[in-house]
Amino acid sequence: MFEYKAAPDLLANRVILVTGAGRGIGATAAQTYAAHGAQVILLGRTRSHLEAVAQRIRQAGHLTPMVYPLDLETAKTADYERLEVAIEQRFDCLDGLLHNASILGPRATLDETPDQEFVQVMQVNVNATFMLTRAMLPLLHRSKEASVIFTSSSVGRKGRAQWGAYAVSKFATEGLMQTLADECAGSSLIRANSLNPGGTRTDMRAQAYPDEDPQRNPTPEDIMPIYLYLMGPDSAGINGRAFDAR
Ligand SMILES: NC(=O)c1ccc[n+]([C@@H]2O[C@H](COP(=O)([O-])OP(=O)(O)OC[C@H]3O[C@@H](n4cnc5c(N)ncnc54)[C@H](OP(=O)(O)O)[C@@H]3O)[C@@H](O)[C@H]2O)c1
């Protein structure tokens with residue numbers, strides 16, 4: 162496991178947007194960021210999931226999150242621009258962006274993968290990530306020190322049978338990260354890195370490995386040290402790298 166001890170106020174005065182914040186790793190990351198002082202913006206498909214996370218954050222005494230339901234499968238450029246305006250009006254800038262939301266798609270060979278499901282995975286995991294990043298860049302440029310984390314996977318670094326659409330989408334995610342990192346290198350205060358959480362006890366993992374004992378895998382809480390490290394100032398200047406949570 163990645164060894165890192167975050168200061169309690171590591172993310173004080175930082176505004177951080179987390180996608181897929183209603184469940185799984187994204188929900189835990191949002192709660193962890195809020196617990197370290199961040200003002201979090203919770204984005205996800207299902208309002209009730211986001212509201213439940215927001216309530217937990219409020220009950221713990223942290224800053225009240227902004228809840229922003231958005232379906233990344235259907236969202237268009239104008240929707241991302243509306244989000245940019247909403248964040249600008251409330252917070253003026255954005256200090257962190259955790260691209261976490263993804264779908265698994267079919268666990269099938271390429272010849273068994275229907276067009277529509279391949280396209281759906283690419284829409285949520287890649288196209289939406291690109292459109293959201295582009296819309297947020299003006300706000301990230303206003304930050305004194307901004308971090309963008311792209312969530313990858315081991316199959317986004319080496320292809321594997323029956324992981325086609327998802328694996329291809331995670332390779333593309335690494336490509337988005339590297340391209341943004343190179344564009345920001347030197348002249349910008351924005352850094353971009355990718356993070357492979359590794360097998361983690363969530364609904365997605367259970368969907369991918371229905372016969373596995375979930376207790377075998379670490380919980381989202383277990384892998385939070387690297388989520389904190391990459392989002393906070395201790396990783397300032399680290400740009401364009403691919404990390405593993407363990
Ligand atoms: N868990 C693992 O073992 C593992 C391993 C490697 C990589 N990862 C990566 O880690 C990230 C988090 O995975 P997880 O296991 O926490 O997944 P999860 O439990 O399935 O949660 C996925 C989250 O993404 C959101 N989401 C899905 N489709 C969306 C859409 N169209 N629009 C908006 N939000 C959408 C979901 O929102 P709703 O709550 O509204 O459904 C949910 O909050 C993903 O990028 C995944 O690829 C996970």
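With our numbering applied, the sequence shown corresponds to residues 162 to 407, in that order. All C-beta atoms in this analysis are idealised placements derived from N, C-alpha and C, irrespective of residue type, glycine included.
If you ignore the 5 residues before and after M227, its C-beta comes within less than 6 Å of the C-beta of I202, all in its own chain and listed in chain order. At the C-beta level, L350 and E306 come within 7 Å of one another.
Counting along the chain, Y229 sits inside no alpha helix (DSSP H); it lies in the beta strand (DSSP E) bounded by residues M227 to P230. For T361, the Cβ falls inside the 6 Å cut-off from some heavy atom of ligand 1. A distance criterion of 6 Å places the beta-carbon of A262 in contact range of ligand 1, judged by its closest non-hydrogen atom. Around G398, the same chain offers R352 as residues with beta carbons nearer than 8 Å, after the five sequence neighbours per side are excluded.
When DSSP states are grouped into helix, strand and coil, Q200 belongs to the strand group. Judged by the Cβ position, G205 qualifies as a neighbour of ligand 1 at the 6 Å threshold, a heavy atom of the ligand being closer than this. Note on A168: under 16 other CB atoms within 10 angstroms of its CB, so exposed under the neighbour-count rule. Taking 6 Å as the cut-off, one finds no heavy atom of ligand 1 near enough to the beta carbon of H197.
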